[in-house]
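Each protein sequence line maps, in turn, to chains E and V. Position one of the first sequence corresponds to residue 1 (this note's numbering), numbered consecutively onward. Position one of the second sequence corresponds to residue 1001 (this note's numbering), numbered consecutively onward. All C-beta atoms, glycine included, are put in the ideal place defined by N, C-alpha and C. For clarity, every value in this text was computed on a predicted model and none was experimentally measured. Please read the structure below before turning to the comments.
There are 2 protein chains.
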Amino acid sequence: MKFEAATIKDIAKALGLSTSTVSRALRDSYEISPETKKLVLEYAEKINYHPNPIALSLKERRSRTIGVIVCEIANSFFSQVINGIESIAYNNGYNVIIAQSRESFDREMLNLQYLTSRSIDGLIISVSTETTDISYLKDLNKKGMPIVFFDRIVSDIDTHKVIVDNYTGAYNATSHLIKSGYRNIAAISNPEMLSISKERLAGYRKALADNGIEVDESLLKYCKHGGMINDEVNTVLRELLSRKNKPDAIFTTADKLTTGCLRILKENGLSVPGDIGLLGFSNNDLTELFDPALSVIKQPAFEMGEIATGYLLQLIESKHPVTDFETKVLPTELFIRNSTRRKD
Amino acid sequence: MKFEAATIKDIAKALGLSTSTVSRALRDSYEISPETKKLVLEYAEKINYHPNPIALSLKERRSRTIGVIVCEIANSFFSQVINGIESIAYNNGYNVIIAQSRESFDREMLNLQYLTSRSIDGLIISVSTETTDISYLKDLNKKGMPIVFFDRIVSDIDTHKVIVDNYTGAYNATSHLIKSGYRNIAAISNPEMLSISKERLAGYRKALADNGIEVDESLLKYCKHGGMINDEVNTVLRELLSRKNKPDAIFTTADKLTTGCLRILKENGLSVPGDIGLLGFSNNDLTELFDPALSVIKQPAFEMGEIATGYLLQLIESKHPVTDFETKVLPTELFIRNSTRRKD
DNA sequence: TTTTTTTACGCAATCGTTCCCGTAGAAAGT
DNA sequence: ACTTTCTACGGGAACGATTGCGTAAAAAAA
């Protein structure tokens, strides 16, 4: 079963013209007489002719397609970013192919190879929690593949990047916790190698230090798979809650960790914020409906996608190799709700 | 700035062979001597050769790409379906292009034209709330484009379909509301033209009837844009709540409507289930964290994606035109939580 | 009338790959 | 020694569209 589209040849044959003439007529070339143009255009319309983009891609050696790799589209943050990406891409006649790494380096590599072999013109990526070996990305970039990083960036590759001010976001969030009376604040984070983890934990540390609270490293927990595996959040929470000086609040650095934490705290019969405060990064639109309504740090996800795509198209369409790269840093927004409202 | 990949010609030139020989060596043809094969394979590996899929697509007149149109990927149900689609597609060497209609018929048409002009081999679609004119889809199907519908199907086009038993799902949900003591049960739904709306409302009606409750048509409200516009949920809720005999429970037939309802009820200071019960279709994984934990009807979204893709690949790869079509009907699952737990 | 210019088209190469043919040269059969 | 059969490879068309170049015929200029 195959879908056969009309080609320029069909038009040429039907009208007794050459394919060149038809092609030129369709593109409104000055060398074609008005009558012929009219003839061709009308017939093309009649048989519903559309140029074959694959043939065009082959000829022009560009696919007008950009690849996007995120860990998962079911994550609100990433789906919002993707919406931003698509809005700009489609407006510029570009197509978007989305691939999910699911926080696995192997899957990320597979997707990367798949996308590049599919002749994408450029790549927008937020790396997985497992990604430490960036040689493939580096090679790709060196060979001329335009790449833009967002959110989870890698510092070693020189290209455009779009992030938020993770440090300040985490600093303000932690400060808010302290101001609310919490002292023994644990942090649950993605692996430390991740750029966002580093920055967010740095902000957390600084806020504690600025308020005269010593950083207790044993209150810092990492989830290797970014909470993709529910059990790992469970494990670190059990560790934290079995301490003699239990934390009175938890700061989480990722969406999945934030909601995962709340789920497990509730499953364990702990009341939030009664027994323990909770605040974390999350772009989920429904956190205000939670019990308790969650205090969260939000990123301007849609805008990040827009900016990243703007950067990428700039790289793709630049005639000369670009050597001057920008890193756009956007502000985060802190939403204070019940999960950090201490009853005292 | 352009990314130039190695071609078969590069190999041919470097080794003093013809492109035909290289091509055959790479495909392990019997007409090529073992020594030549080894030579070619090693060199190809060395320069990291990958066949250009665009050239292949042009030659084979298939893109190994399937198009997916949903209303939005940020919706849990659809992102889960997409995960199911991708898992099967990738395992079979197919690529997936996702497009969002955002409940707009115009956008759906644009995406449809875009995808077909991008030479997709097949299409998986759940139509928008606005879609009534299906002539384009019909034409496409007639011309040989393999199409599989899921969730929001159209009865007029004969092809494979994947749905859930919406009728029974809604029947059981409504029965549960009645058993819980609710009598004056309103329903908020997507437009009636949508297959799922029809079926779900039919289940709702039958459950009322079977329990001796007369269906009050004025308790049935429709949201034209499926809750994409927050205001429309607001409007219908205001209408319902300003009645003299207010509904004591609400049954919603779509994810966005369910969460939207809860948000507005809370904004209006109404307690759920104290003042009003709430139960609806939703595939959101976080509804149990809500205040109150939401009673929901879930669809086996991932499985639906898998099955739809299986059907589509079957259509694409079938040598002969397929005339015998299946409609797979999967069961829904009812989760009873606090939003329907009447305090009495 | 002859030459030049313009108009309006066709031919053929190109993109990367596959595949149907054709064919040297070696091996095998007579 | 001569014919036949393999073996191992090359030539070239094809997929659909674009585009530089060449060119008849018509129009304009000489």
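Can the beta-carbon of residue i be found less than 9 angstroms from the beta-carbon of residue j?
i: Ser57(E); j: Ser119(E); result: yes
i: Asp165(E); j: Thr332(E); result: yes
i: Tyr90(E); j: Tyr1114(V); result: yes
i: Ile178(E); j: Leu208(E); result: yes
i: Ile1125(V); j: Val1070(V); result: yes
i: Glu86(E); j: Phe105(E); result: no
i: His1160(V); j: Leu1270(V); result: no
i: Leu1334(V); j: Ile1297(V); result: yes
i: Gly226(E); j: Gly203(E); result: no
i: Thr1259(V); j: Leu289(E); result: yes
i: Ile73(E); j: Ile97(E); result: no
i: Thr19(E); j: Thr36(E); result: no
i: Ile1157(V); j: Ile1134(V); result: yes
i: Ala5(E); j: His50(E); result: yes
i: Ser946(V); j: Ala1249(V); result: No statement about residue 946(V) is possible, as the shown extent of chain V runs from 1001 to 1344 and does not include it.
i: Ile32(E); j: Arg24(E); result: yes
i: Leu1315(V); j: Gly1122(V); result: yes
i: Leu1140(V); j: Phe3(E); result: yes
Where DSSP assigns a beta bridge to residue i, which residues make up the other side?
i: Val1022(V); result: Beta-bridge pairing links Val1022(V) to no other residue.
i: Asn95(E); result: Thr65(E)
i: Tyr222(E); result: Ser189(E)
i: Ile213(E); result: Paired residue(s): none; Ile213(E) is not in a bridge.
i: Val272(E); result: None, per the DSSP bridge assignment.
i: Val1322(V); result: Partner(s): none; Val1322(V) has no beta bridge.
i: Gly84(E); result: DSSP, once it has assigned bridges, lists no residue as partnering Gly84(E).
i: Gln1299(V); result: DSSP, once it has assigned bridges, lists no residue as partnering Gln1299(V).
i: Phe251(E); result: Ala187(E) and Leu279(E)
i: Lys1328(V); result: Val1162(V)
i: Leu123(E); result: Gly67(E) and Ile147(E)
i: Leu1334(V); result: Ile1297(V)
i: Phe105(E); result: Its beta-bridge partners do not exist; DSSP assigns none.
i: Gln100(E); result: Val70(E)
i: Phe1290(V); result: Phe290(E)
List the residues of chain V that residue i touches, going by C-beta distances under 7 angstroms, in chain order.
i: Arg263(E); result: Leu1289
Going along chain E, which residues have a C-beta under 8 angstroms from residue i?
i: Pro1053(V); result: Ser117, Arg118 and Ser119
i: Asn1091(V); result: Here the premise fails: no neighbours, minimum Cβ distance about 12 angstroms.
i: Lys1266(V); result: Leu289
To the nearest angstrom, how far is the alpha carbon of residue i from that of residue j?
i: Leu1262(V); j: Leu1278(V); result: 8 angstroms
i: Leu194(E); j: Arg27(E); result: 49 angstroms
i: Asn338(E); j: Ser295(E); result: 7 angstroms
i: Thr1323(V); j: Glu1317(V); result: 14 angstroms
i: Asp1275(V); j: Asp1291(V); result: 14 angstroms
i: Val1236(V); j: Arg1183(V); result: 19 angstroms
i: Cys1223(V); j: Asn1190(V); result: 5 angstroms
i: Ala1186(V); j: Asn1268(V); result: 17 angstroms
i: Lys59(E); j: Ser155(E); result: 36 angstroms
i: Arg64(E); j: Lys9(E); result: 24 angstroms
i: Ala1099(V); j: Asn83(E); result: 10 angstroms
i: Val1233(V); j: Lys1221(V); result: 9 angstroms
i: Gly1212(V); j: Val1272(V); result: 25 angstroms
i: Thr1309(V); j: Lys1328(V); result: 12 angstroms
i: Leu240(E); j: Ser79(E); result: 31 angstroms
i: Arg62(E); j: Met145(E); result: 12 angstroms
i: Met1109(V); j: Leu201(E); result: 46 angstroms
i: Thr132(E); j: Glu103(E); result: 12 angstroms
Could you work out which residues of chain E lie near residue i, taking near to mean beta carbons separated by less than 7 angstroms?
i: Ile1073(V); result: Ile73, Ser79 and Ile82
i: Phe1003(V); result: Lys143, Gly144 and Met145
i: His1050(V); result: Ser117
i: Leu1058(V); result: Ile54, Ala55 and Leu58
Would you mind telling me which residues of chain V sit closer than 9 angstroms to residue i, beta carbon to beta carbon, in chain order?
i: Gly269(E); result: Near Gly269(E) there are no residues of chain V at all, since even the closest Cβ is about 14 angstroms away, more than 9 angstroms.
i: Ile97(E); result: Thr1065, Asn1095, Val1096, Ile1097 and Ile1098
Name the chain E residues that come within less than 9 angstroms of residue i, Cβ to Cβ?
i: Thr1259(V); result: Asp285, Leu286 and Leu289
i: Ser1076(V); result: Ala74
Are three or more beta carbon pairs between the region 1137 to 1152 of chain V and the region 1296 to 1310 of chain V nearer than 8 angstroms? yes
Using 8 angstroms as the threshold, is the region 1281 to 1301 of chain V in touch with the region 1253 to 1269 of chain V, meaning 3 or more CB pairs across them? yes
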